[in-house]
Amino acid sequence: MKIIPVGGYKNAFVFGPHPLILHKLTILRDKTTNKKDCRELVHELTLFLMAEATYALEVEDVTVQTPVAECVGKRLSSKADPVIFPIWRAGDGMKDAALQMLPTANLGAIGMYRNEESKPVDYFHKPEEMPPGIVDVFILDPMLATGGSAAAAVTLIKKSSTSKLNIRFLSIFAAPQGIKCLSGEHPDITIYTCVVDEGLNDHNYIVPGCGDMGDRLYGTK
Ligand code: PRP
Ligand code: URA
Numbered sequence: 500m501k502i503i504p505v506g507g508y509k510n511a512f513v514f515g516p517h518p519l520i521l522h523k524l525t526i527l528r529d530k531t532t533n534k535k536d537c538r539e540l541v542h543e544l545t546l547f548l549m550a551e552a553t554y555a556l557e558v559e560d561v562t563v564q565t566p567v568a569e570c571v572g573k574r575l576s577s578k579a580d581p582v583i584f585p586i587w588r589a590g591d592g593m594k595d596a597a598l599q600m601l602p603t604a605n606l607g608a609i610g611m612y613r614n615e616e617s618k619p620v621d622y623f624h625k626p627e628e629m630p631p632g633i634v635d636v637f638i639l640d641p642m643l644a645t646g647g648s649a650a651a652a653v654t655l656i657k658k659s660s661t662s663k664l665n666i667r668f669l670s671i672f673a674a675p676q677g678i679k680c681l682s683g684e685h686p687d688i689t690i691y692t693c694v695v696d697e698g699l700n701d702h703n704y705i706v707p708g709c710g711d712m713g714d715r716l717y718g719t720k
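In the numbering used here, the protein residues as written are 500 to 720.
Now the structure itself:
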């Protein structure tokens, strides 16, 4: 799989053209795709994102006995489990895939919605104080539009920890404006996205995007 820097950014990465990702994105964009299929596609695309976003996780040596010989292999560092933060509602659609890849991760939660002016409103946040030793954080939200919600979520998470965090933000669709905002406010985090779309419409929806992801996953509206 090829992941490439988003033009002009050192900390934002997008998948290069990959037949499976392109295929799944197109079905997800299609307004006739039903909620069951939207959920499955978000899950599958998140598996791809997680495979890339976990690339730099620390590993340690472990010796196992295969049926044939002793083997020194690697396992994820036992120092501290990462934390996964889905941003509700839509980010919850990525949670199971993230946990499938990192089954021992801790789970946080951030409730956030955009108001009429597209400004983020934070209505829930746990943990308020991160357990000591946590370093690796994965934030999940399929839509990075203006970037306001993502930037506010990262600020909340940074405030909840006394350790220096290695934060990765995972989105499925991103607008150039969202990448600019998030990377500008938090240049120390890494952004992974399946695709960077053309831009935003007058209502700050990603164009062409896939519409309101919360509604498509929850069957609302
Ligand atoms: C969506 C999406 C992001 C936010 C992105 O949430 O899941 O959190 O909008 O927009 P931004 O980059 O302009 O801030 P929404 O407000 O629709 O809430 P929901 O997930 O509960 O439906
Ligand atoms: N939130 C969504 O669900 N879709 C967009 O295009 C932008 C924000």
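The C-beta atom is built at its ideal place from N, Cα and C for all residues, glycine as well.
Model, not experiment: these values are computed from the prediction.
Item to check | CA-to-CA distance, D640 to T532, given in whole angstroms | outcome: Here the question's residue 532 lines up with position 33 in the sequence shown. Here the question's residue 640 lines up with position 141 in the sequence shown. The straight-line gap separating the alpha-carbon atoms of T532 and D640 is approximately 20 angstroms.
Next on the checklist: At the level of alpha carbons, what is the spacing between M712 and A589?
Outcome noted: By 1-based counting over the sequence shown, the position of residue 712 is 213. By 1-based counting over the sequence shown, the position of residue 589 is 90. Each residue's Cα considered, the two are about 6 angstroms apart.
Checklist entry - When the distance is taken between beta carbons, is I638 closer than 9 angstroms to V653? => result Here residue 653 refers to the residue found at position 154 of the sequence shown. Here residue 638 refers to the residue found at position 139 of the sequence shown. A contact, by the Cβ cut-off of 9 angstroms.
Checklist entry - Between A596 and V541, is the Cβ-Cβ spacing less than 9 angstroms? => result On the sequence shown, residue 596 is found 97 positions in, with the first residue counted as 1. On the sequence shown, residue 541 is found 42 positions in, with the first residue counted as 1. Yes. Within cutoff.
Item to check | Beta carbon nearer than 5 angstroms to a non-hydrogen atom of the ligand URA | outcome: Listed along the chain, these residues meet the criterion: M642, A644, Y704, I705, G708, D711, M712.
Checklist entry - Can you tell me whether DSSP reads Y441 as helix, strand or coil? => result Because residue 441 is not part of the residues shown, which for the chain are 500 to 720, the question remains open.
Next on the checklist: Cutting at 8 angstroms between CB atoms, please list the residues of its own chain near P707, excluding the five before and the five after it.
Outcome noted: Reading the sequence shown from its first residue, position 208 is the one you call residue 707. R528, D696, E697, listed in sequence order.
Checklist entry - Sorted by chain position, which residues of the same chain lie with C-beta nearer than 7 angstroms to I503's C-beta, five sequence neighbours on each side aside? => result Walking along the sequence shown from the start, residue 503 turns up at place 4. Around I503, the same chain offers F512, V513, G515 as residues with beta carbons nearer than 7 angstroms, after the five sequence neighbours per side are excluded.
Checklist entry - Between N510 and H685, what straight-line distance do the alpha-carbon atoms span, to the nearest angstrom? => result The residue given as residue 510 occupies position 11 in the sequence shown. The residue given as residue 685 occupies position 186 in the sequence shown. Within the model, the alpha-carbon separation for N510 versus H685 is close to 10 angstroms.
Next on the checklist: Any heavy atom of the ligand PRP closer than 8 angstroms to the beta-carbon of A579?
Outcome noted: Start at 1 with the first residue of the sequence shown, and residue 579 comes out as number 80. Incorrect: A579 has no Cβ contact closer than 8 angstroms to the ligand PRP.
Next on the checklist: Alpha carbons only, please: which of G507, K573, I633 is nearest the one belonging to F563?
Outcome noted: Residue numbering aside, residue 563 sits at position 64 when the sequence shown is read from its first letter. The question names Phe, but residue 563 in the sequence shown is Val. Ranking G507, K573, I633 by Cα distance to V563 puts K573 first.
Item to check | Limits of the beta strand (DSSP E) - the one that P504 falls within | outcome: Locating residue 504 in the sequence shown gives position 5, counting from the first residue. P504: member of the beta strand (DSSP E) spanning 502-504, first to last residue.
Checklist entry - When we look at the beta-carbon of T692 and count the other beta-carbons within 10 Å, is it buried (16 or more) or exposed? => result Taking the sequence shown and counting its residues from 1, the one referred to as residue 692 is at position 193. So T692 counts as buried.
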